[in-house]
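Residue 200 in numbering that gives the first Met the number 0 sits at position 201 of the sequence shown; the count goes up by one each step and never skips. Notes follow the structure.
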Amino acid sequence: MRRADRLFLIIHALRGRRSALPARTLAQTLAVSVRTVYRDVADLQLSGVPIEGEAGVGYVLRKGADIPPLMFNAEELEALVVGTRFVRAFGGKRLSAGARSALLKIEAVLPPELRARAHRTRIYAPEVESRLESSGIIDQLHAAIEAQQVLRLSYRDQSGEASEREIEPLCLAFWGGSWTLGAWCRLRGGFRNFRPDRIVDVSETGEVFTETPERGMDAYLRAAGVRPGADA
Numbered sequence: 000m001r002r003a004d005r006l007f008l009i010i011h012a013l014r015g016r017r018s019a020l021p022a023r024t025l026a027q028t029l030a031v032s033v034r035t036v037y038r039d040v041a042d043l044q045l046s047g048v049p050i051e052g053e054a055g056v057g058y059v060l061r062k063g064a065d066i067p068p069l070m071f072n073a074e075e076l077e078a079l080v081v082g083t084r085f086v087r088a089f090g091g092k093r094l095s096a097g098a099r100s101a102l103l104k105i106e107a108v109l110p111p112e113l114r115a116r117a118h119r120t121r122i123y124a125p126e127v128e129s130r131l132e133s134s135g136i137i138d139q140l141h142a143a144i145e146a147q148q149v150l151r152l153s154y155r156d157q158s159g160e161a162s163e164r165e166i167e168p169l170c171l172a173f174w175g176g177s178w179t180l181g182a183w184c185r186l187r188g189g190f191r192n193f194r195p196d197r198i199v200d201v202s203e204t205g206e207v208f209t210e211t212p213e214r215g216m217d218a219y220l221r222a223a224g225v226r227p228g229a230d231a
């Protein structure tokens with residue numbers, strides 16, 4: 000996480016609080032050391048941010064430094080909380096960090112009654128790290144999709160048959176129990192879906208592809224029977 004983002008999140012975490020927030024809690028949320036939190040808060044104070052408190056006690060924003068609450072109703076808030084829990088559980092480390100930061104920002108500016116509602120929701124997505132999650136392949140595939148990088152796969156299908164593929168990755172989809180990678184397969188000359196948990200090895204070729212009307216995302220969706228532009 001960039002330092003600028005971390006400072007922004009510290010301010011958001013302190014907004015709307017009536018009691019001091021311990022540095023250790025901030026450190027755990029931001030995945031940094033307590034010493035780093037002390038240093039960041041000191042820098043914010045020196046730059047004029049009205050943070051009160053001290054190491055070992057906790058921190059609050061001086062009264063009057065708050066901002067208006069976000070206008071979410073209870074159902075909207077619960078949907079956001081549950082959604083971020085699922086992203087943290089299944090979306091890879093990169094999106095998990097983004098979901099954690101987003102939820103911190105949302106909760107920081109909520110009125111007390113809605114913040115309490117956020118913590119009461121009983122729909123969970125336990126973060127049990129699987130082999131797929133620990134391998135980092137979801138993050139790797141996600142990055143390749145964004146950068147439009149051609150990938151080389153060593154892949155085993157459902158029957159265990161091995162093949163080598165060059166693909167143009169287009170999207171990732173989560174089906175509640177497994178991921179699929181939608182791509183244009185150069186070997187087969189068509190769109191194919193690959194299970195990340197069946198990818199034996201993946202590497203970048205160094206080539207960047209350009210989506211075309213015949214083999215881009217819209218064409219993939221049409222081939223899958225989904226209308227382009229619809230929620231998929």
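Glycine included, each C-beta is placed from N, C-alpha and C at the ideal position. No experiment lies behind these values; they were computed from the predicted model shown.
Inter-residue spacing [alpha-carbon to alpha-carbon] between residue i and residue j
i    : j    : result
I66  : A54  : Low local confidence applies: a pLDDT of 46 at I66 is under 50, so the model's placement there is unreliable, with the coordinate-based value given in what follows. Rounded to whole angstroms, I66 to A54 spans 25 angstroms at the Cα level.
I166 : G189 : 10 angstroms
I10  : G135 : 31 angstroms
F173 : T179 : 7 angstroms
T24  : A223 : 45 angstroms
I144 : V225 : 19 angstroms
R191 : V86  : 25 angstroms
A142 : P195 : 14 angstroms
V48  : A3   : 14 angstroms
Q44  : R61  : 11 angstroms
G205 : V56  : 51 angstroms
G176 : R221 : 24 angstroms
G52  : Y37  : 11 angstroms
S46  : T209 : 45 angstroms
R34  : M216 : 46 angstroms
E106 : V81  : 13 angstroms
A98  : D42  : 26 angstroms
F104 : V207 : Contrary to the premise, residue 104 reads as Lys rather than Phe in this sequence. Taking the straight line joining both Cα atoms gives about 35 angstroms.
Sub-9 angstroms separation of residue i and residue j beta-carbons
i    : j    : result
R155 : V201 : no
L102 : T83  : yes
S32  : A26  : yes
Y58  : A117 : no
G181 : Y219 : yes
L6   : S100 : no
T120 : E75  : no
R187 : Q157 : no
CB-CB length for residue i against residue j, believed under 8 angstroms
i    : j    : result
L13  : L20  : 6 angstroms
L169 : W183 : 7 angstroms
Q148 : E203 : 5 angstroms
L163 : S153 : Here the sequence assigns Glu to residue 163, which means Leu is not the residue at that position. Contact flag correct, Cβ pair sits at about 6 angstroms.
E126 : A88  : 5 angstroms
G91  : I137 : 4 angstroms
Three-state class that DSSP yields for residue i in the structure shown
i    : result
S46  : coil
R93  : helix
Y123 : coil
P67  : Caution applies to P67, whose pLDDT of 48 falls short of 50 and renders its modelled position unreliable; the model cannot decide the point.
T82  : According to the sequence displayed, residue 82 carries Gly and not Thr. Helix, per DSSP.
A12  : helix
E210 : coil
W168 : Correcting the residue type first, residue 168 is Pro in the shown sequence and not Trp. Note: P168 maps to strand in three-state DSSP.
E160 : coil
R61  : coil
A222 : helix
A54  : coil
S153 : strand
Q148 : strand
S100 : helix
L186 : coil
V201 : strand
Given residue i as reference, the closest of the options once Cα atoms are compared
i    : options               : result
P110 : N72, V48, G188        : N72
R185 : R214, A115, R194      : R214
F193 : V207, R151, T209, R34 : R151
R1   : R121, D39, V56        : D39
L140 : G175, V48, R93, R34   : R93
A115 : T211, P212, R16       : R16
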